[in-house]
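What follows is a short report on a single structure.
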Amino acid sequence: ALQPVLSLLCSVGGGSNPFQHLEKSAVLQEARVFNETPINPRKCAHILTKILYLINQGEHLGTTEATEAFFAMTKLFQSNDPTLRRMCYLTIKEMSCIAEDVIIVTSSLTKDMTGKEDNYRGPAVRALCQITDSTMLQAIERYMKQAIVDKVPSVSSSALVSSLHLLKCSFDVVKRWVNEAQEAASSDNIMVQYHALGLLYHVRKNDRLAVNKMISKFTRHGLKSPFAYCMMIRVASKQLEEEDGSRDSPLFDFIESCLRNKHEMVVYEAASAIVNLPGCSAKELAPAVSVLQLFCSSPKAALRYAAVRTLNKVAMKHPSAVTACNLDLENLVTDSNRSIATLAITTLLKTGSESSIDRLMKQISSFMSEISDEFKVVVVQAISALCQKYPRKHAVLMNFLFTMLREEVRTGIWGGGFEYKRAIVDCIISIIEENTESKETGLSHLCEFIEDCEFTVLATRILHLLGQEGPKTNNPSKYIRFIYNRVVLEHEEVRAGAVSALAKFGAQNEEMLPSILVLLKRCVMDDDNEVRDRATFYLNVLEQKQKALNAGYILNGLTVSIPGLERALQQYTLEPSEKPFDLKSVPLATTPMAEQRTGSAWQLAAVPEFHGLGPLFKSSPEPVALTESETEYVIRCTKHTFTDHMVFQFDCTNTLNDQTLENVTVQMEPTEAYEVLCYVPARSLPYNQPGTCYTLVALPKEDPTAVACTFSCMMKFTVKDCDPTTGETDDEGYEDEYVLEDLEVTVADHIQKVMKLNFEAAWDEVGDEFEKEETFTLSTIKTLEEAVGNIVKFLGMHPCERSDKVPDNKNTHTLLLAGVFRGGHDILVRSRLLLLDTVTMQVTARSSEELPVDIILASVG
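Each residue of the sequence shown is one higher than the last, beginning at 1 in UniProt numbering.
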């Protein structure tokens with residue numbers, strides 16, 4: 001209510017703000033006018049407006065200041081001027097949380113609320129409820145019930161909305177007004193009915209059955225308010241989601257029936273609800289899509305926008321369901337509203353055929369200069385998805401993307417910012433990664449882009465990509481000029497990235513090495529420390545001309561967590577030792593699991609029984625459920641792997657409120673040569689308070705390759721009955737046990753994923769001293785995609801160089817995997833797959849130790 005007043009005031013004088021330089025003290029001084037007799041309504045209303053403006057601008061009024069102004073304002077109720085009275089209501093609401101003793105105006109508001117002036121009654125109700133707390137609510141309960149069923153719609157709506165706000169602090173009192181709310185729900189006024197249904201729903205929303213009955217009742221007899229229909233659709237959708245979205249439910253039938261409502265608002269709400277329901281099939285979406293298709297040709301821009309925006313969402317999951325709308329969407333590409341045109345074109349990009357791509361690209365070009373960066377990014381993301389759908393069109397799409405990038409950089413016509421350019425660069429890089437034949441074209445485009453790129457993040461990313469992919473191209477030397485230009489022309493961050501890229505070319509191309517060394521020697525004289533240090537380091541490594549050094553320090557580098565390295569070094573200095581610092585004790589920086597692992601390490605270090613186990617190597621990313629979530633005891637297990645031991649952490653929850661468990665352990669029986677060393681119990685498990693117990697086992701020594709094992713698990717504990725209300729136990733207790741699900745330990749629990757950007761370099765670095773090879777037949781697997789997915793999951797290693805993506809129509813494939821075996825030993829696997837009737841797999845494994853290789857081959861066999 002206040003916003004229109006302030007907007008009107010701000011529009012005075014050609015858009016200037018007459019209250020721009022108000023001072024709080026001066027305004028409060030002016031408020032003394034409220035005490036004058038007779039009251040000047042126009043002047044007092046102007047001063048109230050100033051006070052409200054200050055409050056809404058964040059000006060702090062002290063309690064004393066606010067209280068004095070409030071008490072002075074209450075005298076204005078002596079005037080019957082309607083404008084002044086409305087300003088008083090607004091001031092009461094705004095100052096109710098600042099001033100003290102605001103309840104002094106209760107009688108005045110109650111008088112207005114029950115008076116004969118309808119223009120006062122509704123605002124008085126809202127103001128009164130704003131200052132009323134739960135202790136005073138019963139005093140006005142009778143008036144509120146009368147107001148809810150009042151024949152004046154503004155009064156009834158005000159009472160209903162105020163009741164909705166009062167639910168937060170006085171639920172039990174407001175709940176007694178349900179009968180009046182039900183009567184109001186039958187009102188012919190669309191807003192009263194809408195507000196009444198809103199109140200009824202919020203009173204009953206925690207009772208699923210009551211909500212279903214309410215929906216059934218009101219939808220059976222029909223509703224007059226389109227707003228009420230929209231709310232009922234949303235409530236029904238929420239109920240359906242909680243009931244796993246059964247399409248046989250009468251709730252779904254109600255939503256579908258709303259597609260035939262006479263109000264466009266209701267029809268759209270129903271269509272939107274259906275397309276957003278989880279698990280809808282294309283057939284179930286068809287009626288909603290048909291309605292949205294009709295809206296695409298609506299003369300109302302808002303309806304066209306809503307329809308195409310919703311169809312765009314549908315196209316993400318069910319593009320085939322939207323195909324029927326393609327003609328209507330093509331008509332919207334030339335829409336005068338560029339937001340609608342952008343959404344139409346991006347939807348077409350998701351649903352159109354391969355043959356329509358060239359035409360769509362021409363249409364996009366015609367309006368790219370007229371849309372905002374936000375929509376440009378949407379277009380680019382749609383093109384990226386299209387590249388994956390139609391890989392044969394990558395050349396057309398990449399040329400279009402580069403034209404967008406080049407035109408903006410050279411002419412500034414399209415005026416794109418960082419997010420827009422980053423989206424284009426990301427898209428080009430994804431095309432390069434997905435389509436090998438597009439690599440050189442894409443790299444050439446990116447080389448030209450960084451000549452004029454003003455964003456450091458994008459320039460360094462492209463330089464990193466050039467260093468990673470450029471040396472593998474047919475003519476790697478052509479990229480050197482672009483990279484070295486960055487050393488000459490750019491600032492220090494980009495220069496440092498260029499030095500690293502140059503070093504990668506020298507590490508992989510013997511013919512180019514002399515030239516690269518010359519360029520790096522020039523960089524040694526750079527003004528920046530980082531650039532000089534990188535150049536000096538890479539220069540010394542390259543001059544050794546050893547593949548292992550190049551692989552370990554230039555091409556792949558260290559894969560350790562920097563914070564973990566810092567902590568390990570600090571610990572090493574605090575505990576002097578004759579043994580040299582072991583880099584294998586540092587956590588790997590390979591996945592987001594690093595943070596979890598750090599927390600687990602500190603938690604385990606606090607248990608005395610685990611001292612001396614050495615550094616934690618790996619923790620399972622997700623706990624394994626050993627019970628159903630609805631059982632009396634809920635048990636989750638996290639596996640922690642050390643060099644020679646494993647710790648099983650059991651997080652236990654007792655869901656019985658009349659029992660307390662004590663001395664809880666999980667007894668484990670292994671099928672292989674694992675040895676259980678000790679159990680660390682959870683001392684007490686009161687109701688619904690999680691506790692943790694541990695089991696420590698030693699890894700197999702007689703047969704160290706037998707790492708795959710199944711443990712049978714039994715939870716043992718002492719049960720004590722207790723009072724559910726106080727939690728006090730009342731007996732000595734008795735011993736009991738509870739059978740849990742079996743727990744599997746696989747080879748993946750002993751290997752941590754690690755990224756090797758250059759697999760061949762890593763393969764040469766490890767060497768063939770402990771290389772072994774075997775051939776296996778995967779008799780139950782019928783496709784290469786299934787074989788690759790199973791191998792990656794089973795071994796728990798990281799697929800390198802996108803080798804987990806199997807090209808279409810191929811019957812051979814090579815999968816490259818990298819990992820680190822417990823103890824810090826690199827393990828690499830090259831798996832060659834051949835598909836005939838079944839999949840034949842030749843596995844070659846290399847490591848710096850023999851045991852990891854033996855374990856890999858034994859587990860696969």
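We put the beta carbon where it would ideally sit given N, CA and C, even for glycine. None of the values given here were measured: they were computed from a predicted structure.
- Straight-line spacing of the CA atoms in E354 and N399 works out to 16 Å.
- Taking 7 Å as the cut-off, the Cβ atoms of H750 and V707 count as close.
- The C-alpha of S430 is placed about 44 Å away from the C-alpha of E630.
- Its chain contains M191, V192, H195 as the residues whose beta carbon lies nearer than 6 Å to that of S157, once the 5 sequence neighbours on both sides are disregarded; these appear in chain order.
- Judged by DSSP in its simplified three-state form, K772 adopts strand.
- Secondary structure within the UniProt domain "Coatomer subunit gamma C-terminal" (748-860): the alpha helix (DSSP H) runs of 4 or more consecutive residues, fully enclosed, are 759-766, 784-795, 850-860 (chain order).
- T342 is positioned such that its CB atom lies no closer than 7 Å to that of N312.
- DSSP assignment within the region 224-264 yields the following whole alpha helix (DSSP H) runs of 4 residues or more, N-terminal first: 226-242, 250-257.
- Excluding residues up to 5 positions away in sequence, L626, T627, I635, V666, C713, M714, M715 lie with their Cβ nearer than 8 Å to the Cβ of L740 in the same chain.
- Cβ contact annotation for S272 (same chain, cutoff 6 Å, sequence separation greater than five): T310, in chain order.
- Spatial neighbours of D644 in its own chain (CB-CB distance under 7 Å, excluding positions within 5 residues in sequence) are listed in chain order as A698, L699.
- In this structure, the alpha-carbon of S500 lies about 16 Å from that of T559.
- When the five nearest sequence neighbours on each side are left out, the beta carbons in the same chain lying within less than 7 Å of the beta carbon of L613 are those of F642, H645, in order along the chain.
- At a Cβ-Cβ threshold of 7 Å, L446 and I462 count as neighbours.
- The beta carbon of A548 sits closer than 6 Å to the beta carbons of E765 from its chain, once the five residues preceding and following it are set aside; these are given in chain order.
- According to the DSSP assignment, A698 belongs to the beta strand (DSSP E) that extends over 691-698.
- Partner residues in the beta bridge of E669, as assigned by DSSP, are S712.
- Selection V647, E662, A228 evaluated against N654 yields E662 as nearest (Cα-Cα).
- The residue from L555, V152, F821, L167 with its alpha-carbon nearest to that of S187 is V152.
- By the criterion of a C-beta distance shorter than 8 Å, I383 is surrounded in its chain by L349, L397, F400, L401, C427, once the five residues flanking it on both sides are discounted.
- Under the three-state reduction of DSSP, C44 is assigned to helix.
- Secondary-structure assignment with DSSP links Y687 through a beta bridge to N654.
- The beta carbon of T695 sits closer than 7 Å to those of F648, V666, M668, V676, Y679, all from its chain and outside the five residues before and after it, given in chain order.
- Comparing alpha-carbon positions, the option among T573, A236, G279 lying closest to P250 turns out to be A236.
- Per DSSP, R309 is not a residue of any beta strand (DSSP E); the alpha helix (DSSP H) it occupies stretches across 301-317.
- In this structure P623 touches T638 by the C-beta definition: roughly 5 Å separates them, less than 8 Å.
- Under the three-state reduction of DSSP output, L443 falls in the helix class.
- Beta-bridge annotation (DSSP): L743 is paired with F711.
- In this structure, M136 lies away from V125, with their beta-carbon atoms at least 7 Å apart.
- Under the three-state reduction of DSSP output, E354 falls in the helix class.
- Between the region 840-851 and the region 726-746, the count of C-beta pairs closer than 8 Å stays below three; the two stretches do not touch.
- When beta bridges are read from the DSSP output, Q659 appears opposite D721.
- Each residue's CA atom was taken as its position, placing S134 and D373 some 50 Å apart.
- Separation of L834 and V747 (C-alpha to C-alpha, rounded to the nearest whole angstrom) is 24 Å.
- DSSP links V560 through a beta bridge to L588.
- DSSP, reduced to helix, strand and coil, places V161 within a helical segment of the structure shown.
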